Amino acid sequence: MKKIAIALAATSILLAAAPLWAHHSFAAEFDPQKPIKLTGTVTEMEWINPHSWIHIDVKGPDGKVVNWMVEGGSPNALLRRGFTKASLPAGSEIVIEGYQAKDGSNRANGRDITFADGKRLFLGSTGTGSPDEKPEK
Amino acid sequence: MQNRLQSLSIANIALLALIATCASAQAPYKAPRTADGKPDLNGIWQALNTADWDIQAHAAAAGPVFSLAADFAIPPGPGIVEGNEIPYLPAMADKHKQNLANRFKDDPEVKCYLPGVPRATYMPYPFQIIQGQKNILISYEYASAVRNIDMGKPTPAPVDSWMGWSFGHWEGDSLVIDVTGLNDKTWFDRAGNFHSDALHVTERYTPRSADVLMYEATIEDPKTFSRSWKISMPLYRHVEKNAQLLEFKCVEFAEELLYGAYRKKGTGPNIGK
Amino acid sequence: MSNRFVAKASAVMFTVVPLAGVLAAVPAFAQSQGKAQTALFAKEAAGKASAAPRTPDGKPDLSGYFTTSTTVPFERPKDLGAKEFFTPEEAAAYAKRSLAAKAPTGPGTYADVHYDMAQFGLEKDQNKVSTGIRTSIVTGPEGRVPPVLPAARQRQVAKQAANRGHEFDGPENRGLAEQCIVWNGAPPMTAGGYNSNIQVSQGEGYVAITSEMIHDTRIIPTDGRPHVDPSIRLLLGDGRGHWEGDTLVVDTTNFSARNSFRGSDENLHVVERFSRPSADTLKYQFTVEDPTVWDKPWFGEMSIAKIDGPLFEYACTEGNYGMRNNLTGARADEAKGIKPNGRAALGE
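Laid out in structure tokens, this is it:
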């Protein structure tokens, strides 16, 4: 009886769980057909809402340095965990995998952001117990 | 003998009365207390000046919109800056001139951006103080700006914000608020007076009478000014029955200005609908 | 990483408040239509007063920081039928699965074009949540928002039809949250996708509730004054509170039709009840009615969990690069003869 009840509960979750990003569709801003990988140096991180933005200098194949703007999440949950505006200093080397802006400008959606050594920028994915995850305050 | 004593007593009484009068004339107003013994600043307050136009002394002038003529001309004001001088560093004077020349485009208030501190205090809209024990909330009608004044031990601001990071304590009957963590994106007024992210504001709210607070703010910003300077003004209580803040949610009033250039051709704005 | 539950059995134990005045507070409409809910309030009211902490002026202390994030879904999953309560074991299992559920994604899909929520600590299971043994926040045998009246449904359909194909024409087509006008500050309180945090402040004669998202504050006087003039419509509505024993009852009217809640119109009327069964929890109940939209009022109940403060500033329009980028992206699509991503309008 209990097993059936729990199985029912499991079904209910799949029906009930829905993406909660209803406020903003990134597929309108960024192109799913234009994945991009950027390696560069942080010039500034804007710890702002509704989304944070990381500005990085990227050296192109022609040797020219171009400044890109990469969209991240609201920083408020990071601030609650003790991160500060000093947590991503200018000069940090980071790697970004994401999608490029539809309008062709130097903007990208930062789906995965890591340091040059592969370590995740802020928090690990849920459940991985990533070593760079700080405790929530 | 008795007459002389009587007259001496009368003189003494008169003298004591005179001393008492002088003392009460000089004694500062003591505000009623909240249940936890603190000066009661609860209420809806508003500045009654034209500091938002220009915190320095200024004469009346024509406004920016020709067709609005006298409706939207610039009112005069004696200023709220003590000594009327804003001590910009020599390198910063040009930036002020540039701001002033472009103010009806570059003033963040035009875009309904949050006003920062101390400008929020003298915006021409009421604000409300809700005085708890561990926190005092200041809620501003303008753009739903809000500040939480933490009455505990100060900590450093983790990031910069528009409305700052505030800690309060009492000095006698004055609420003293220490504000750090202000970003560099707000202006002090519509006349282009500005600051850097090194801005540090110390506010004092002192009850002057039952319905008047005296507000002072000391401005320190070594990246912009050669010394600290101070503004001061009265804040008046809204005493009308059932006074309350309403909504001045101006974001949508600025929407066409911010995004009109990117809309689909042939479509039009839909403000307030 | 450990999930942060507030797994309180007290989420379903009722705060007992003095009986006096409880029935009077329930809207007259609800007294005839919501007999079961009224009986519930009365049952709660019988008994001794709670040991809630007090403010210096003797009122129950509801102040502090809280999250409205909960593992209890707003509406009851259809397959649960009339089941209003889980057993504690079922509730724990449901909560665990609900927190673990993530939208499927893969390279090149729409869902993949998104920053990693977990990296920014924005996933539900990375933050404090309240739990409960209810199968839905909406109470009653259905546990779902009642069907909308035919005339109201027609209005909604017409509105949706008018926007179809125009989702990216201008900022006004994007919805109030994306425009940075208002998020979830209006009553009744429900969690958003993240940062579902509130601060309750109390001063003499007032209770204020500040929502983190776009820093909205509801200021609720408790002095018995009337609502503002009906000509004034407010995105957060106009709230009036009074105390019934240890419960704060807030009556909100004067809503703007633009900030629709689950289909509500301008005649929305919300009554909320706040109490504090423990230092770590607020108990939150609400009644929703709008006679031009639903034929009867409906009710909700949930626990709200205490969090460490403070709220962090969520200034929205000041940093809303996304609005501009959405519109320029749509213009770029149109220039290529591609229809701007219609899926976005459904809230992807």
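Protein chains in written order, with the numbering used here: chain A, 1 to 137; chain B, 1 to 273; chain C, 1 to 348.
Glycine included, C-beta positions come from ideal geometry on N, C-alpha and C.
Given the structure is predicted, the values throughout are model-derived calculations rather than measurements.
Just so you know, the alpha carbons of A/THR114 and B/VAL117 end up roughly 37 Å apart.
B/THR267 counts as exposed, since fewer than 16 other beta carbons sit within 10 angstroms of its beta carbon.
Using a CB distance below 7 Å, no part of the stretch 92-125 of chain A faces chain B.
For B/VAL159, the chain A residues whose C-beta falls within less than 8 Å of its own C-beta are TRP47, PRO75, LEU79, THR84, LYS85, listed in chain order. Taking one beta carbon from each stretch, the stretch 69-81 of chain A and the stretch 115-135 of chain C have 3 or more pairs nearer than 8 Å; the two touch. Contact note: C/ASP57 reaches chain B through THR34, ALA35, ASP36, using a C-beta cutoff of 9 Å and chain order. With respect to the 9 Å criterion, B/GLY63 and B/ALA57 are not classified as neighbours on the basis of their beta carbons. The beta-carbon of A/HIS51 is placed less than 9 Å from the nearest beta-carbon of chain C.
Between C/VAL271 and C/VAL249, the CB-CB gap stays under 9 Å. Within chain B, the C-beta atoms nearer than 7 Å to that of C/GLU313 come from SER161, TRP162, MET163, in chain order.
Per DSSP, the continuous beta strand (DSSP E) segment holding C/ARG218 begins and ends at 216-221.
Taking a C-beta distance under 9 Å as the contact criterion, C/THR70 and B/ASN148 do not qualify as a contact pair. Shown here is that no member of the stretch 189-211 of chain B has a Cβ falling below 7 Å from a Cβ of chain C.
Cβ neighbours of B/ASP150 within its own chain (closer than 8 Å, five residues either side excluded): LYS134, ASN135, SER166, PHE167, GLY168. In this structure C/LYS339 is exposed. Its beta-carbon is surrounded by fewer than 16 other beta-carbon atoms within 10 angstroms. A straight line joining the alpha-carbon of B/ALA143 with that of A/GLY40 spans about 38 Å. At a cut-off of 9 Å between C-beta atoms, B/GLN244 counts as an interface residue with respect to chain C. Counting every other CB atom within 10 Å of its CB across the protein chains shown gives C/LEU234 a total of 16 or more, marking it as buried.
Within chain A, no residue has its beta carbon less than 8 Å from that of C/GLN156; the closest one is some 17 Å off. Taken in chain order, the complete beta strand (DSSP E) segments of 3 residues or longer contained in the stretch 129-170 of chain B are 135-140, 146-150. In the three-state scheme derived from DSSP, where H, G and I count as helix and E and B as strand, B/ASN49 is classed as coil. Of all residues in the stretch 232-254 of chain C, none places a beta-carbon less than 8 Å from a beta-carbon of chain A. Cβ neighbours of C/GLY205 within its own chain (closer than 8 Å, five residues either side excluded): PRO221, THR222, ASP223.
DSSP places C/THR55 in the coil class of the three-state scheme, outside both helix and strand. A/MET69: member of the beta strand (DSSP E) spanning 65-71, first to last residue.
Going by DSSP, B/HIS200 is part of the beta strand (DSSP E) stretching over 200-209. When rounded, the separation of the alpha-carbon atoms in C/LEU268 and C/ASP290 is 5 Å. Across the structure, B/ASN183 and C/LYS296 are spaced so that their CA atoms are roughly 49 Å apart.
For A/ALA116, the closest alpha carbon among the candidates A/ASN49, A/GLY82, A/ARG80, A/GLU97 is that of A/GLU97.
Per DSSP, the unbroken alpha helix (DSSP H) holding C/PRO150 starts and ends at 150-163. The beta carbons of B/LEU199 and B/ASP221 sit about 5 Å from each other, so the pair counts as a contact at 8 Å. For A/GLY40, the uninterrupted beta strand (DSSP E) run begins and ends at 30-46, by DSSP.
When rounded, the separation of the alpha-carbon atoms in C/ASP280 and C/ALA305 is 6 Å.
Chain-ordered, the chain C residues with CB closer than 8 Å to the CB of B/GLY132 read THR55, SER63, SER201, GLN202, GLY203. Of the residues C/GLY143, C/GLU212, C/PHE168, the one whose Cα lies closest to the Cα of C/ALA186 is C/GLU212.
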